[in-house]
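K.L.:
Below you'll find the structure I mean.
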Amino acid sequence: MDGTPLIAIDNLTFSYRESGGQGTTREVLHGITLDVQRGEHVAVLGHNGSGKSTLAKLLNLILEPDSGTIRIDGIEITDPDLSDADILTLRKKIGMVFQNPDNQMVATIAEEEVAFGPENLGLPSSEIRERVDAAMDAVGMTAFAKKETARLSGGQKQRIAIAGILAMEPECIVLDEPTSMLDPQGRKDVMKVIETLNRERGVTIVHITHDMNEAARAGRVIILNDGRIEMDGTPEEVFSDPDRLETLRLSVPQCTALMHALKKEGLNFEGPVARPEDCIEALCRALGGGR
Amino acid sequence: MKSVTMGRYYASNSVIHRLDPRGKIVLAILFIVSTFLCKNVAAFAFLFVGVLVLAAVSRVPLKVILRSLKGVTVVIAFAALLNLFLTSTENAHMLWEIGTWNGRVYGITEEGIIKAVCMVVRIITLIIGTTLLLTYTMTPIELTDGLSRLLWPLLKIRVPVDLFAMMMSIALRFIPTLSEDTERIMNAQKARGANFSEGGLIRKARALVPILIPLFVSSFKRGEELAVAMECRGYHSGDDRTRLNELHWKVRDTVTFILFVALGAAVVCINIFCAGVPFLPAVL
Amino acid sequence: MAKLELRNAGFIYNPGTEFQSVALEDVSVAFEENAVTGIIGHTGSGKSTLVQLLNGLLTPTSGQVFLDGRDIHETKKDRYAALLSEAERSGEKVRRHTLKKQAASDCKAMKRNICFRVGLVMQYPEAQLFEETVRKDIAFGPANMGLSREEIDARIEKVARLVGLNERQLNKSPFDLSGGQKRRAAIAGVLAMEPDVLILDEPAAGLDPKGRETVFDCIRRYREECRTTVLIVSHSMEDMAAYCDRVLVLAGGRVLMHGTREEVFGQISGLETHGLDVPEITHLMNMLRGRGYPVPDGIYTVEDAVKAVMEIAHSVSGKGADT
Chain V
0 MDGTPLIAID NLTFSYRESG GQGTTREVLH GITLDVQRGE HVAVLGHNGS GKSTLAKLLN
60 LILEPDSGTI RIDGIEITDP DLSDADILTL RKKIGMVFQN PDNQMVATIA EEEVAFGPEN
120 LGLPSSEIRE RVDAAMDAVG MTAFAKKETA RLSGGQKQRI AIAGILAMEP ECIVLDEPTS
180 MLDPQGRKDV MKVIETLNRE RGVTIVHITH DMNEAARAGR VIILNDGRIE MDGTPEEVFS
240 DPDRLETLRL SVPQCTALMH ALKKEGLNFE GPVARPEDCI EALCRALGGG R
Chain X
0 MKSVTMGRYY ASNSVIHRLD PRGKIVLAIL FIVSTFLCKN VAAFAFLFVG VLVLAAVSRV
60 PLKVILRSLK GVTVVIAFAA LLNLFLTSTE NAHMLWEIGT WNGRVYGITE EGIIKAVCMV
120 VRIITLIIGT TLLLTYTMTP IELTDGLSRL LWPLLKIRVP VDLFAMMMSI ALRFIPTLSE
180 DTERIMNAQK ARGANFSEGG LIRKARALVP ILIPLFVSSF KRGEELAVAM ECRGYHSGDD
240 RTRLNELHWK VRDTVTFILF VALGAAVVCI NIFCAGVPFL PAVL
Chain Y
0 MAKLELRNAG FIYNPGTEFQ SVALEDVSVA FEENAVTGII GHTGSGKSTL VQLLNGLLTP
60 TSGQVFLDGR DIHETKKDRY AALLSEAERS GEKVRRHTLK KQAASDCKAM KRNICFRVGL
120 VMQYPEAQLF EETVRKDIAF GPANMGLSRE EIDARIEKVA RLVGLNERQL NKSPFDLSGG
180 QKRRAAIAGV LAMEPDVLIL DEPAAGLDPK GRETVFDCIR RYREECRTTV LIVSHSMEDM
240 AAYCDRVLVL AGGRVLMHGT REEVFGQISG LETHGLDVPE ITHLMNMLRG RGYPVPDGIY
300 TVEDAVKAVM EIAHSVSGKG ADT
């Protein structure tokens, strides 16, 4: 693969117009610079109001930045001369999944919902059919293809929403708190789908969340705080400083907390961990032998 | 979970389900016309049998179909009673005379009974036939799709048929969501002691404010988010959108179409040839 | 006597239709006064139905609900019989007519007041905000109770302090608040009714870690000040571990476990087999046990896990020193 990052954000700023006052603005992003490579699984963490969702909307041309640039696959999306066709191409490259599964469903029947994107692309119906079936299969919802979306559970709806994006064959999927309204089972299912897409299909994932355990599953964690990138690194690196996270109104996953506490107790614990499966290995090594 | 049963799609893969939606809309119109063409008992019986055949072919269980009639039992009963008691008693075969009022004799006549039965059969066939064609075997999307395709030529005179179609299908999609919202908000306000059943009309209307405002707020929010989501998925109006299920007029559509025309023609023939059977004016 | 109690309660949605579904079956459970009970179970276990039965939004299709020992759906006839036997026992002479009137008004009052005595904060309660200002919205419940202007104002001041809303925020439109503030304003609307029993359905759903903490702090402050019985429905075992004294586990519309936090969490690995989401730390300790280390069951906090691991470490190093 060539060296150009899939998403290249340079010194991006954005302000919202205040609802009450005339012409007053409130800057929510102050100079974000960020590259996302093809095939990465990035988690964007931050408390409510840290600018996470704004960033997502900027990536998909829903909002326009005040200054700075966003390049997707080398194309500057902030260019005012972009034609409608260019915009459609860009939107095809980066798909969005939102928090509330009910508010992004257009169709009554699951497979028609998945077909909505490809229909907008003007594909022939035989190809739409292929894509819909493949996307349904990828999220494990084939059995629900003819079901009414209203009768599905939250997790199932969210998987249909992901399938709807997948059917547009994007290079990257941006998910804005996709699990925050789901029950534990729904969360698990959606997380599994996200991870599989990334690992097996090489889809670049930008997962906006405020769940530490979900963030720990990503390859890279970016912490946004008040419109600035506060930390950027592997989950192990980012979670290595629980006190700093606390000041950012965030916490660390329980296994990271355990690791820090054990180190304080004097246990010789290898390296930082963020995921239970790594933690158990490190624990066994630290404890030695067992039995 | 509560469920709205009337007019719900019944998933199956029958011939009727696979018919072209455009065709089914036209068939429904043909069918409605046929029910109004019926002028005697024989014609009604014939049509009724036709509807039963349609139901059998569609593979929608009778139980489900009958449920759609539940909501209109009052209307059916009212129509039956009206015909039973208000059919002209002149030259009629009186079975049970009730009395005379304003110089008119009231009572139950044989003609009245026949008329009432025919009326009931007419309403039932009408409802079963149209719901079978338009809702049980057709998703709301197919319905709006079919309708918009039928009206597509109007795009030429700048009627935005595609936008109307999209609006319709989104509206349909949000009916269950909004009814759940309403129930949730109502429960939340009831839990704060709101009372929706007591008081006069004005008090009752005012009691709705705590429901309507949150409902508007949430609907606007839903609408806004939906618009963003649709834009992200590349939605744009115009006729360069394609469909997952393109409509193809097939042999089976032509065959069904001919069958329905034949049904209508048969009704007319029965009207003429079985004129001896008690006459019934095409009222209502 | 239990504050709130279900006796053999069951609930069936759409009975007699093909959409019939049993949400709760033969549930008998008593909630002690002043305890914080966590109600846990996965989607479809009957949690939401249970809380709606408890505050009278739903009437059980079988069994009864008791508040302070009185059936909340008691019929006039039963109430009359109860009053009559009470009067007979005390030997008081009361006219039957008076008793009948009394019974009727008692039942009416129970029906009307149940929602004020058992306050319910629904899931995503910010959806219920509707007034022009936060202050007016909080006043909605108390006003429905028929309280005086002064009393309502006093209560607003009190709950605003408890949930951490200042004067300026009280005079704002609820729609101009941030997500977390909206949630707290909505909760304040229920707290202002000063219910004997407070039920919260997923009070922290969708909030960030800090927002969650703030909401639970509000509940704790309210409970300390008003000495209320509290029921919290949640998917999160972490929240249960941190905030509840007792835990009720529902599965398939029935009670799976009910006891103190220690009792229920002592069998926590059993909960995992029922598809419940145990805290990550419990899961981790289970894995460690699977590797052959002597980890006790029932660990659900990081502190306990540290203790357990250090004990193992010491015993291992002790053995290591021997050899």
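Residue numbers (numbering that gives the first Met the number 0), protein chains in the order written: chain V, 0 to 290; chain X, 0 to 283; chain Y, 0 to 322.
Think of the CB as a built atom: it goes at the ideal place given N, C-alpha and C, for glycine as much as any other residue.
Keep in mind that this is a model prediction, so the values were computed, not measured.
State yes or no: is the C-beta of X:Lys-203 within less than 8 Å of the C-beta of Y:Leu-56?
P.N.:
Not a contact, by the Cβ cut-off of 8 Å.
K.L.:
Counting only runs of 4+ residues fully inside the region 69 to 99 of chain V, write out the alpha helix (DSSP H) ranges in chain order.
P.N.:
Entirely contained in the region 69 to 99 of chain V, the alpha helix (DSSP H) runs reaching 4 residues are, in chain order, 83 to 92.
K.L.:
Closer than 8 Å by beta-carbon distance: list the chain X residues that pair up with Y:Met-144, in chain order.
P.N.:
Under the 8 Å cutoff, chain X gives Gly-192.
K.L.:
Spell out the partners DSSP gives V:Val-173 in its beta bridges.
P.N.:
BP columns for V:Val-173 point to V:Met-95, V:Val-205.
K.L.:
Give me whichever residues DSSP pairs with V:Ser-66 in a beta bridge.
P.N.:
V:Thr-12.
K.L.:
Using alpha carbons as the reference points, say which of X:Leu-65, X:Leu-18, X:Trp-95 lies closest to Y:Thr-16.
P.N.:
Looking at the Cα atoms, X:Leu-65 is the closest of the given residues.
K.L.:
Residues in the same chain with beta-carbon distance under 6 Å from X:Val-3, minus the five sequence neighbours each way, listed in chain order, please.
P.N.:
Low confidence applies to X:Val-3: its pLDDT is 44, below 50, so where it sits in the model is not reliable, and the reading given next is rough at best. Contacts found: none.
K.L.:
Can you tell me which of X:Arg-205, X:Ile-184, X:Arg-240, X:Met-118 puts its alpha carbon nearest to the alpha carbon of X:Leu-162?
P.N.:
Of the candidates X:Arg-205, X:Ile-184, X:Arg-240, X:Met-118, the one whose C-alpha sits nearest the C-alpha of X:Leu-162 is X:Arg-240.
K.L.:
Examine chain V for any beta-carbon lying closer than 8 Å to the beta-carbon of Y:Thr-42, and answer yes or no.
P.N.:
Output row for Y:Thr-42: interface = yes.
K.L.:
X:Ala-187 CB to nearest chain V CB: under 8 Å?
P.N.:
Output row for X:Ala-187: interface = no.
K.L.:
So, using beta-carbon positions, are V:Thr-32 and V:Asp-9 closer together than 8 Å?
P.N.:
Yes; because the gap between Cβ atoms is below 8 Å, this pair is in contact.
K.L.:
Give the interface partners of Y:Glu-279 over in chain V, defined as CB-CB distance under 8 Å, in chain order.
P.N.:
What Y:Glu-279 touches in chain V: Asn-212, Pro-252, Gln-253, Cys-254, Pro-275.
K.L.:
Quick check on V:Gln-157 - is its C-beta less than 8 Å from some C-beta in chain Y?
P.N.:
Not closer than 8 Å to any Cβ of chain Y, the Cβ of V:Gln-157 fails to qualify, so no.
K.L.:
Taking Cβ positions only, does X:Gly-233 come closer than 8 Å to chain A?
P.N.:
Among the protein chains in the structure shown, which are V, X and Y, there is no chain A.
K.L.:
What residues of chain Y sit near X:Pro-159, judged by a beta carbon separation below 7 Å?
P.N.:
Result: empty, since nearest Cβ-Cβ is about 32 Å, beyond 7 Å.
K.L.:
Which residues bound the alpha helix (DSSP H) around X:His-16?
P.N.:
It spans 14 to 17 - the alpha helix (DSSP H) in which X:His-16 sits, taken as one unbroken run.
K.L.:
Once the 5 residues before and after V:Thr-178 are set aside, which same chain residues still bring their CB inside 6 Å of it?
P.N.:
The residues are Arg-186, Val-189.
K.L.:
Taking the beta strand (DSSP E) that X:Ala-41 belongs to, which residues open and close that run?
P.N.:
Run containing X:Ala-41: none in the beta strand (DSSP E); it sits in the alpha helix (DSSP H), 40 to 57.
K.L.:
Does chain Y have any CB closer than 8 Å to the CB of V:Leu-261?
P.N.:
At least one chain Y Cβ lies under 8 Å of V:Leu-261.
K.L.:
Find the nearest neighbour of Y:Gly-258 within the set Y:Val-35, Y:Ile-280, Y:Pro-293, judged by alpha-carbon distance.
P.N.:
Considering only alpha carbons, the answer is Y:Val-35.
K.L.:
Once DSSP output is grouped into helix, strand and coil, what is the label at V:Met-0?
P.N.:
Any reading at V:Met-0 must be qualified, since the residue scores a pLDDT of 49, below 50, and its modelled position is unreliable; no value is offered.
K.L.:
Under 8 Å, Cβ to Cβ, is there at least one residue of chain V near X:Thr-124?
P.N.:
No, its Cβ sits nowhere closer than 8 Å to a Cβ of chain V.
K.L.:
Note the first and the last residue of the continuous beta strand (DSSP E) segment covering Y:Gln-63.
P.N.:
Unbroken beta strand (DSSP E) run through Y:Gln-63: 61 to 66.
K.L.:
Leaving out the 5 sequence neighbours to the left and right, which residues in its chain are closer than 7 Å to V:His-29 when beta-carbon positions are compared?
P.N.:
Once the five neighbours on either side are set aside, the close Cβ partners of V:His-29 are Thr-12, Gly-226, Arg-227.
K.L.:
X:Arg-232 by DSSP, collapsed to three states: which one?
P.N.:
X:Arg-232: coil per DSSP, three-state reduction.
K.L.:
Ordered along the chain, which non-local residues of its own chain (more than five positions away) have a Cβ less than 6 Å from that of Y:Thr-322?
P.N.:
Note that Y:Thr-322 has pLDDT 39, beneath the 50 cutoff, so the model's placement of it is unreliable and the number below is only indicative. Nothing meets the Cβ criterion.
K.L.:
To which residues does DSSP link V:Ile-31 through a beta bridge?
P.N.:
DSSP, once it has assigned bridges, lists V:Leu-11 as partnering V:Ile-31.
K.L.:
According to the neighbour-count rule (16 or more other Cβ atoms, all chains shown, within 10 Å of its Cβ), is Y:Leu-283 buried or exposed?
P.N.:
Burial call: buried.
K.L.:
Strictly under 8 Å for the Cβ-Cβ distance: is V:Asn-47 near chain Y by that measure?
P.N.:
With 8 Å as the cut-off, V:Asn-47 counts as an interface residue toward chain Y.
K.L.:
Assuming Y:Val-263 is part of the beta strand (DSSP E), what are its boundary residues?
P.N.:
Per DSSP, Y:Val-263 belongs to no beta strand (DSSP E); it is in the alpha helix (DSSP H), 260 to 264.
K.L.:
Contact criterion: CB-CB distance below 8 Å. Does X:Leu-85 meet it with respect to chain V?
P.N.:
It does not; no Cβ of chain V falls within 8 Å.
K.L.:
Going by DSSP, what residues sit across from Y:Leu-5 in a beta bridge?
P.N.:
Beta-bridge pairing links Y:Leu-5 to Y:Val-28, Y:Val-64.
K.L.:
According to DSSP, is Y:Glu-212 helix, strand or coil?
P.N.:
Y:Glu-212 falls in the helix class under three-state DSSP.
K.L.:
According to DSSP, is Y:Asn-112 part of a helix, a strand, or is it coil?
P.N.:
Helix, per DSSP.
K.L.:
Around the Cβ of X:Gly-102, are there at least 16 other Cβ atoms within 10 angstroms (buried) or fewer (exposed)?
P.N.:
So X:Gly-102 ends up on the exposed side.
K.L.:
Quick one: what does DSSP say Y:Ala-312 is sitting in, helix, strand or coil?
P.N.:
It is helical.
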